[in-house]
Each structure stands twice: as structure tokens, then as C-alpha cells.
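Sequences listed follow chains A and B, in order. Under UniProt numbering, the residue at position 123 of the first sequence is numbered 123, and the numbers go up by one with no gaps. Under UniProt numbering, the residue at position 215 of the second sequence is numbered 215, and the numbers go up by one with no gaps. Just so it is clear, CB atoms sit at the ideal spot from N, CA and C, and this is done for glycine as well.
There are 2 protein chains.
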Amino acid sequence: MTDSTDPVGPHGAPATPAAGRGLSRFSINQMTVRQLTLPELTEACARLGVPGVGLWREPVQMYGVDAAAKLVRDAGLAVTTLCRGGFLTAAEPAARGRALDDNRAAVDEAAALGTDTLVLVSGGLPPGSRDLPGARERIAEGVGVLAPYARERGVRLAIEPLHPMFAADRCAVSTLGQALDIAERFPAGEVGVVVDTYHVWWDDRAPADVARAGAGGRIHSFQLADWVTPLPAGVLNGRGQLGDGVIDLRAWRERVDGAGYSGPVEVELFNEGLWERDGLEVLAETAMRYVRHVL
Amino acid sequence: MTDSTDPVGPHGAPATPAAGRGLSRFSINQMTVRQLTLPELTEACARLGVPGVGLWREPVQMYGVDAAAKLVRDAGLAVTTLCRGGFLTAAEPAARGRALDDNRAAVDEAAALGTDTLVLVSGGLPPGSRDLPGARERIAEGVGVLAPYARERGVRLAIEPLHPMFAADRCAVSTLGQALDIAERFPAGEVGVVVDTYHVWWDDRAPADVARAGAGGRIHSFQLADWVTPLPAGVLNGRGQLGDGVIDLRAWRERVDGAGYSGPVEVELFNEGLWERDGLEVLAETAMRYVRHVL
């Protein structure tokens, strides 16, 4: 959530001393260095001149939402996103009600943390279901219920299309085009999309959809990870360090910028190898890779 | 390759005694039961009333192409496809020449085996490359070189889009729409597409592209596998037995039929669990699953 009295850009990127060193738009997603505690993370960001962080609900809840909010505020860090709401595909009324309640709590946490962007991972097929269009329609309905609640609290919902390999069990929204089809049912200030290179890099239609999203003011978050093979079992934790894979990250950054985006560039890596290393070292490496492969 | 003097349908599906038992369009891809030798496979098909097989080049070459051709011919089996040509993304001239030569050999083998359909798996990014559009363009160029050679031998090229999780290392053609964009540069009798449920089930644009492919006479093969999670490491051998996963296989069969397709329905499963079992038992199970979940 941006505050017009703060010296921040339109997407929460603060003007910091790091700007001159190329990190002015860089944000580290907490999952990239999940081995760090929240105080370790904020201290590491301060040491390295990293101006933004993307946070996750579970570690924030464990630390305490208000305490986490104070910690990042005192460190002068922008919270670029909160991950994540969503999982809106349940068909059964009670489960659906619980999902909506949980999303309202996520909105409240986003507002408390001072971020204007809640990332939504939409959810996969309910157990026993083979109805993908039905799941997608329930996602749109859920977003419609949540958008006004979020708007009142200064939070935008950002629908993240996940790679089609997650369509069954994690996210029935598989392309930027699908995410925009849902987002565009609502005002851009309420609902937009996440462009994450890991999920959209393969899609020949994604460049046109980036332009479409930018023209509509709907790029609410831009995230980076590289694509490396072979994929690990379960395929969740195989995201590559920037530069280790096949994605032309600079071309994607230029494409997103060219669509009118000027906000944070958040690096979100789920990678067992990175998690086994020293977190401060991984953060420093990630920042260097960002400068080398993205700027 | 169909012969107008044989009692076969337009796509090589023979009229067999099995027709009345629901298997008239059923074809078993050799990889589904790769634990069976070629003679074991043909004998099992005869015992179970399976009228068609999809063959793979490597086991056919090991057995001998002419001997394999005689074996399936004597068993009265239709060879519905030969897998596979393709891998046309090399940029380096010598590697490119070798790939084209290998594809010409694949066409010759298809003709010798009596199938009219050579499946193309297009190939991924060359080592060190991040240029996905370039790879796709080289695929189209390669298809253009091969199509006349194949036509002269009565063989159609069938471009198979593979799931986007294979875009980097196996197949830069990730959607039915992309496959059609390439195929439609050539006559439908020369170049078409493979519709494989495993690769396209997640794609909200695929139904429209099935209709487009059918209207153009370009559905050259229809293959089935189910989508099960979690995916195994490497993601290659995680295709589910029909009915074990989340794909509405009957809806896809009806969709493809509705687009005007009346040819073989080939079941191609890469699945370590199935490979560890008795091959005859797996073939019988697959035929039963086909009747239950697809017809």
C-alpha cells in the first residue's frame, strides 16, 4: 500500500541509496532465501542495499503480522507483494466460505504490512473433478467477491498465472491471457496480474498479453525466475537462479517496461540448492545476477 | 500409408472382428508396453483384438525394419503412427543436415512399415540458446524441406505440440495453435498435427484449435494419456493410465470426433509403474480403460 506522503514510486519502489548501484527496482521474495529469519532478511537487505521484499503469509504469521510490519518499516523496506491469497476453486459451499474468509485475512495482512499487492494463486481442480472451465469460473467469482473488500483496504489483487504443469493441482489459470480475461472483468485498480517469467516464458502469446496488461494498467507485479532442466520431482522447487537457465530475462524486463511498467522487479526462486546455502550469500548472488542478466 | 485396395478406413484403421467389442479405433502405442518385444506385442494385439499399433523407431530398428513390417502385416495390424522424427532446432549447419537426414530415414521407415503418419517431436532449444522464436522458425523451415520428400513416399508429417514443460529441452512447439501455425504453411495432405490429450488438456484455446485442425483436415493423429500428479523427476515418464487422472478423456474424444476426425485413437503412456508390470496385463487393462473412459 503506497502512501502519497512517502518518497516512493507508483508501485512502492522507494528511492534508496542503492538506486545508483542498479538495485533501485530490485525486490527479493522471501521464499528465495527462506533460510533467513525475518530479522536476518531485513538486516541483509539493509546491508546489501536491497530496497524491497516480497513476503509470504506463513513466516509473517509466525513472526507476528504487526511485528513484521514494524520490522520492515523500521528497516525502510518496501513490501512489494504479499504471497499469497487465492485457492478459490472449491465447489462445496463450506470450503468455499473458508477460502473466502482466508483471503479476507490475507488482504488484512497485506494492508497491515503496507503493501498494495496481494498475489493470488488461484487453485487447481478440487478432488475428483475434471472440470477445468468450471474451476476457472469459480476463481473469477471469488475474485469478484474479494475485490471490493480489498479495494476498501487499499490492496490490489494480482492474479498470477502459473505454468500449465501446475494446472491440475495448484492453479487452473495457466496463461497471462486467461489471467487478464478474469482481471478485466473488474477495475484495474482492483484486479491485475502478475507477470512471472518462469510461468509465461514459453508462451508465444505472452508478449501480446504483456502489452495488453500494460495498456490496461494491470501489471501489478513483475517477478523473475529462470527455467532450468531437468525438473525435480513434484516440479515445484526447480526454479533457476537468474542466468542459469534458458529465459532471456533482459528481453522480458524490457518487454514489461515497454508496456509501461516501472515498478519493482521481484526475484522469487523456489530452489532446494539455494535453500541449502548461506542466505546472505544467496541474496548477494541474486542481486548480482539481477544486475548482470536483467538490467 | 493406406492402400486403396485394402479394407481400411481413411486413416489406416482396419475393419477387424474387434469392431463389435468397441476396439475398432483403438491403437496401442508401443511405448505404453515397451516391456514387450515386437513379436510379443503383435501376438498380444491379436489375442486381445487390438487392431492398431503405434511404433517407435528404435525398437523397430533393433528388430529390423523389414522384419517388423512383415510381422505387423502378417498379424493384420494397422501401423497407426511411427514415432518419431523431428528435433529440427539445431542452428549449426552440420547438425542441421544430420537432423534432416535422420528425418528422411524416418520417412523411409514409416513407408516401409505401411503407416501414413510420421509423428514429429520438434526439438528444444539448442545448447546455450535462449531464442525460442528462432527455434520455432527453424522447425518450420525443416518441415518445409521434409514435406515433399515425405509426400513422395505416401507419408504425412504430424507435428506434435508437447506440453509447455518440455519447451526448453524437447519441443519448442507447445500448443496446438503453434503446431497449426506451422502446418498450415503446407498442404494438409503433407503436414498436420497430433492431438495428444496429455499435452493440450490444460489449454483453454485447444478446443477451438481442434475445430480449426479438423476443418482443415489436419488431425493426423489422436493420442491419449491422462494427467496425474505429482509429476516425477524429469517429468517425462509420468503419464497416467486412462481414468487415473484429471482429464475428461471422453469429452476430448467427442471434441476431436466432432471436428470430423474418424481415425485411430492411440494410447501412448510413458509410465514407470506400467513398465514394471506384465505387458499383456497392461495392454488388456489399457483396452478396458479405453472402453470405459473414452468410448
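Check, Outcome
"Check each residue of the region 125-140 of chain A: if its Cβ is closer than 8 Å to any Cβ of chain B, include it; give the result in chain order.", "Leu125, Ser129, Arg130, Asp131, Leu132, Pro133, Arg136"
"Thr229(B) versus chain A: which residues are under 7 Å apart at the beta carbon?", "Ala168, Asp169"
"Quick one: what does DSSP say Val235(B) is sitting in, helix, strand or coil?", "coil"
"If we ignore side chains and look at the alpha-carbon of each, how far apart do Gly76(A) and Ala259(A) end up?", "29 Å"
"Run the CB neighbour count on Met62(A), radius 10 Å, all protein chains shown included, and call it buried at 16 or more, exposed below.", "exposed"
"Cβ of Ser27(B) versus every heavy atom of the ligand GDP: is any distance shorter than 8 Å?", "Absence of the ligand GDP is noted for the structure shown, with no ligands found whatsoever."
"Within 9 Å of any Cβ in chain B, is that where the Cβ of Glu92(A) sits?", "no"
"For His163(B), which of helix, strand or coil comes out of DSSP?", "coil"
"Within a Cβ cutoff of 8 Å, which residues of the same chain sit near Arg156(B), ignoring the five residues on either side of it in sequence?", "Asp116, Thr117, Leu118, Ala150, Gly189, Glu190, Val191, Gly192, His220"
"With distances taken between CB atoms, is the gap from Gly86(A) to Glu184(A) smaller than 9 Å?", "no"
"Going by other Cβ atoms of all chains shown within 10 Å of its Cβ, with 16 needed for buried, is Ala208(B) buried or exposed?", "exposed"
"Taking the alpha helix (DSSP H) that Gln61(B) falls in, what are its first and last residues?", "57-63"
"Taking only the alpha-carbon atoms, compute the straight-line gap between Gly144(B) and Gln241(A) and give it to the nearest angstrom.", "37 Å"
"Determine, using beta carbons only, whether Ala251(A) and Arg239(A) come nearer to each other than 9 Å.", "no"
"Buried or exposed, going by whether 16 or more other CB atoms sit within 10 Å of the CB of Glu109(B)?", "buried"
"For Val8(B), name the three-state secondary structure that DSSP assigns.", "Confidence at Val8(B) is low in this model, with a pLDDT of 35, below 50, so its placement is unreliable and no value can be given for it."
"For Ala99(B), which residues of its own chain have a beta-carbon under 6 Å away from its beta-carbon, when the five flanking residues on both sides are left out?", "Phe87, Leu88, Ala90"
"Using a Cβ-Cβ distance cut-off of 9 Å, determine whether Gly258(B) contacts chain A.", "no"
"In chain A, what lies closer than 7 Å to Ser174(B) by C-beta?", "Trp202"
"State yes or no: is the beta carbon of Ala208(B) nearer than 9 Å to at least one beta carbon in chain A?", "no"
"Quick check: is the beta carbon of Ala233(B) nearer than 9 Å to any beta carbon in chain A?", "yes"
"Kindly give me the distance between the Cβ atoms of Gly124(B) and Arg170(B), rounded to whole angstroms, as I take these residues to be in contact under 8 Å.", "5 Å"
"In whole angstroms, what is the alpha-carbon distance linking Gly214(B) and Gln223(B)?", "15 Å"
"Run through chain A and tell me which residues come within less than 9 Å of Asp248(B), C-beta to C-beta.", "Arg130, Asp131, Leu132"
"Closer than 9 Å, CB to CB, is Met165(B) near chain A or not?", "yes"
"Assuming contact is defined by CB atoms lying nearer than 9 Å, are Glu268(A) and Asp204(A) in contact in what I supplied?", "no"
"So what does Leu120(A) bridge to, in DSSP terms?", "Gly85(A), Ile159(A)"
"Under the rule that 16 or more other beta-carbon atoms within 10 Å means buried, what is residue 306(A), buried or exposed?", "Summary: the structure shown does not reach residue 306(A), with chain A confined to residues 1 through 295, and so no result is reported for it."
"At the 9 Å Cβ level, is Gln241(A) part of the contact set with chain B, yes or no?", "no"
"On a CA-only basis, which of Gly154(B), Ala95(B), Leu113(B) is nearest Gly142(B)? Give me that one, please.", "Ala95(B)"
"Taking just the CA atoms, how far does Pro126(A) sit from Phe166(A)?", "13 Å"
"Strictly under 9 Å for the Cβ-Cβ distance: is Gly245(B) near chain A by that measure?", "yes"
"Should Arg138(B) go down as buried or exposed, given a rule of 16 or more other Cβ atoms within 10 Å for buried?", "buried"
"Under 9 Å between beta-carbons, which chain B residues line up against Gln178(A)? List them in chain order, please.", "Asp204"
"Pick out whichever of Val246(B), Arg104(B), Pro51(B), Val265(B) has its Cα sitting closest to the Cα of Glu152(B).", "Arg104(B)"
"Assuming Leu48(A) and Leu283(A) are in contact, meaning their beta carbons sit under 8 Å apart, how far apart are those beta carbons, in whole angstroms?", "6 Å"
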